[in-house]
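Enquirer: Numbers 12 to 476, taken from my numbering, label the letters of the sequence shown in order.
Every residue gets a Cβ at the ideal spot worked out from N, C-alpha and C, and that includes glycine.
Here the structure is a predicted model, which is why all the values come from computation and not from measurement.
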Amino acid sequence: MGKETCPHVVIFPLPLQGPVKCMLKLAEMLSLAGIRVTFINSHHVHRRLPDAAAYFSKYPDFRFQTLPDGLPDDNPRTGDQILNLLKSMEAVSLPVFRQILSSGSPAATCLIADGVFIFAASVAADVGVPLLYFDTISPCGLWGLLSLPNLIQSGEVPFTDEELDEVVAGTDGVMRRRDLPSFCRIKDMNDPIIQLVIEEANHIPLAQGLIFNTFHHLEAPILSQMLTICPNIYSVGPLHAHLKARLVGAESAITSDSIWEEDKSCISWLDKQPSKSVIYVSIGSLAVMTRDQLYEIWHGLVDSGSKFLWARRPGSVSGPKDDDDVVPSDLSQGTKERGCVVGWAPQEEVLAHPSVGGFLTHSGWNSTLESVVAGKPMICWPFHADQQVNSRYVGEVWRLGLDMKDSCDRTVVAEMVREVMGSRKDEFSDRACEMAKLAEMSVNPGGSSFLDFDRLIEDIKMMKI
Ligand code: UDP
12 MGKETCPHVV IFPLPLQGPV KCMLKLAEML SLAGIRVTFI NSHHVHRRLP DAAAYFSKYP
72 DFRFQTLPDG LPDDNPRTGD QILNLLKSME AVSLPVFRQI LSSGSPAATC LIADGVFIFA
132 ASVAADVGVP LLYFDTISPC GLWGLLSLPN LIQSGEVPFT DEELDEVVAG TDGVMRRRDL
192 PSFCRIKDMN DPIIQLVIEE ANHIPLAQGL IFNTFHHLEA PILSQMLTIC PNIYSVGPLH
252 AHLKARLVGA ESAITSDSIW EEDKSCISWL DKQPSKSVIY VSIGSLAVMT RDQLYEIWHG
312 LVDSGSKFLW ARRPGSVSGP KDDDDVVPSD LSQGTKERGC VVGWAPQEEV LAHPSVGGFL
372 THSGWNSTLE SVVAGKPMIC WPFHADQQVN SRYVGEVWRL GLDMKDSCDR TVVAEMVREV
432 MGSRKDEFSD RACEMAKLAE MSVNPGGSSF LDFDRLIEDI KMMKI
């Protein structure tokens, strides 16, 4: 394809670790397919991306453009700050984004924006650029969000704390109210988050298509329901595995897309542990636990008798920081004998490691898919957004592990770790291996995600005309 006919895609993720990492994989796959890419990043995230320059040196038609996100540098940008981030982006980033989209050289063929950017629809329409929304959360979680107007209308939401275990009508008994996206627990329907979700539900159908980081086999029923909202869906995940499959025979992927420095010392620790003996623990890049929860999880891990590798991100425990390094005396022996604690782990590598037998996770969508691809059973301890839905699907629909939702008690933690790593190890491992095979098939030539990505490329090329 000549340079003048090469389509130019502008990609605009929500500037946080999870969405940026996921969209960088998509950007690299588009680059491999000969598409020119402009990737819009916030100054804050871009400064921390160790391998930013590598994208351009590997793909000369790859560009980063950066913009301010409007938040002060020391804002933690944790899960509870999302609304502030979106508000400040709408005020501060939007004009710069409009400028980038309208002044592309060559002109932008299409915009791929995070589904949470409601403003992207009107900017794309003004500039005359087709819009594809990419929701980096799970489709099952997004379906819960998009259903919010109906759930309010049918009286399912809001609900009281006493009604958390009531089954949501029309979900075949799968979803209890506690399994709906976390926002559904808000009591005031005028709350800005509720209003944001309703607006997002109204905007999603304005896009020409929806891209998902999932694979058909995992979420087929939800994907068919999504088609009623948007008839053009591309399920191209799991993206980290898909990128690897596309790179077979080519140079290796750009691996450092983490905005925190990875502590690889845990890999040599894992190398010394027996097969499937270690439970890996992480709550991702945004969630924050209380100090009480920290100690409940810690006691549970030590009491379970299992080996554990814990990625304990600085800032992931609320309260004063000065005692973060102090190990309580009753936990010190068990931690020394069986534990390894790092600040930020090379998670994909950790999950793929043969010594890891399970994952205690906050059920973020990237983490869930990384565990699915690695064939590792999960214990789910969800915090925000789609995580409540993901954990229910892991426990009840896919049967890949246990859902520890809404409880953080040392006895429960220890029991669940013993179940997943011991008494029900084979059952969960078999299911997880089966699902991992299906994930792999979907991203290999002829698989559903492989074909959907090819269709995406063809459709982008058609937009050029
Ligand atoms: N991650 C990592 N090292 C860690 C913890 C997390 O590399 O110690 C990565 C993980 O591989 C995943 C991302 O951070 O790709 C977290 O994304 P997810 O959607 O699971 O959760 P979020 O951070 O958005 O809540």
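1. If you run the structure through DSSP and keep just helix, strand and coil, what is Q284?
2. To test your reading of the DSSP string, which unbroken alpha helix (DSSP H) runs of 4 or more residues are found completely within the region 245-331?
3. Does the distance from the C-beta atom of T77 to that of H54 stay below 7 Å?
4. Taking the alpha carbon of G166 as the reference point, which residue from G184, V328, R435, R188 has its own alpha carbon closest?
5. Could you check where the alpha helix (DSSP H) with L217 kicks off and where it finishes?
6. My output table needs one value for R466: the three-state DSSP class, helix, strand or coil.
7. Could you work out which residue in G433, A356, F223, I233 is closest to W376 when comparing CA atoms only?
8. Short check: CB of D397 to CB of G152, under 7 Å?
9. Are the region 191-198 and the region 145-162 in contact at 8 Å, needing three or more beta carbon pairs?
10. Applying the criterion that 16 or more other CB atoms from any shown protein chain within 10 Å of the CB defines a buried residue, is G29 buried or exposed?
11. What residues in its chain sit with their C-beta under 6 Å from that of S374, if we drop five residues either side in the sequence?
12. Considering only the beta carbon of each residue, do M432 and G386 sit closer than 7 Å?
13. Please report the straight-line C-alpha distance between P203 and L96, rounded to a whole angstrom.
14. Taking buried to mean at least 16 other C-beta atoms within 10 Å of its own C-beta, is H19 buried or exposed?
15. Which residues bound the alpha helix (DSSP H) around L35?
16. What do you reckon, is the C-beta of A322 under 6 Å from a heavy atom of ligand 3?
17. Which residues in the same chain have their Cβ closer than 8 Å to the Cβ of I476, if we skip the five residues on either side of it in sequence?
18. Among residues of its own chain, excluding the 5 on either side of L234, which ones have a beta-carbon nearer than 7 Å to its beta-carbon?
19. Are F319 and I290 touching if we call contact CB-CB under 7 Å?
20. With C-beta atoms as the reference, is C419 less than 7 Å away from Q304?
21. Using only the alpha-carbon positions, how far apart do L122 and S460 sit?
22. Measuring CA to CA, which of K36, T346, L105, S116 is closest to C17?
23. So the candidates are P141, I129, D62; which of them puts its Cα closest to the Cα of V21?
24. Starting from D441 and walking both ways along the alpha helix (DSSP H), at which residues does that stretch end?
25. By the DSSP assignment, the alpha helix (DSSP H) with L521 in it spans what residues?
26. What are the boundary residues of the beta strand (DSSP E) that includes A124?
27. Keeping to the same chain, check which residues put their C-beta closer than 6 Å to that of E59; ignore five residues upstream and five downstream.
28. Would you report the Cα separation of S340 and W280, rounded to the nearest angstrom?
29. Our contact map puts G311 next to V428 with C-beta atoms below 8 Å; I'd like the distance itself, whole angstroms only.
30. Return yes when the C-beta of N377 is under 6 Å from any heavy atom of ligand 1, and no when it is not.
31. On a CA-only basis, which of A131, Q284, H214 is nearest L157? Give me that one, please.
32. Where does F108 fall in DSSP's three states?
33. Just the C-alpha distance for V48 and F67, rounded to the nearest angstrom, thanks.
34. Can you tell me whether H19 is helix, strand or coil according to DSSP?
35. Among residues of its own chain, excluding the 5 on either side of A298, which ones have a beta-carbon nearer than 6 Å to its beta-carbon?
36. Apart from the five residues on each side of it in sequence, which residues of its chain come closer than 7 Å, Cβ to Cβ, to A63?
Expert: The short version:
1. coil
2. As summarised for the region 245-331, the continuous alpha helix (DSSP H) elements at least 4 residues long and confined to that stretch are 250-257, 276-282, 302-315, given in chain order.
3. Result yes, Cβ atoms of T77 and H54 sit closer than 7 Å.
4. R188
5. Here L217 belongs to no alpha helix (DSSP H), and DSSP marks it neither H nor E.
6. DSSP, reduced to helix, strand and coil, places R466 within a helical segment of the structure shown.
7. Selection G433, A356, F223, I233 evaluated against W376 yields F223 as nearest (Cα-Cα).
8. yes
9. The region 191-198 vs the region 145-162: in contact.
10. Label assigned to G29: buried.
11. If we look at S374 and ignore the five residues flanking it on each side, its Cβ neighbours are C391, P393, Q398, N401, S402.
12. no
13. Each residue's CA atom was taken as its position, placing P203 and L96 some 13 Å apart.
14. buried
15. 28-43
16. With respect to ligand 3, the structure offers nothing, as its ligand set consists of ligand 1.
17. Legend: pLDDT at I476 = 46, less than 50; position of this residue unreliable, value from coordinates given subsequently. For I476, where only same-chain residues beyond five positions count, there are no Cβ hits under 8 Å.
18. P150, H227, I244, S246
19. yes
20. yes
21. 20 Å
22. S116
23. P141
24. 436-454
25. This structure cannot speak to residue 521, because the chain is shown only from 12 to 476.
26. 121-125
27. Checking the displayed sequence, the identity of residue 59 turns out to be Arg instead of Glu. Correct list, in chain order: I270.
28. Rounded to the nearest angstrom, the two C-alpha atoms are 23 Å apart.
29. 7 Å
30. yes
31. H214
32. DSSP places F108 in helix when its eight states are reduced to three.
33. Each residue's alpha carbon lies about 10 Å from the other.
34. strand
35. G90, H373, F394
36. H57, F75
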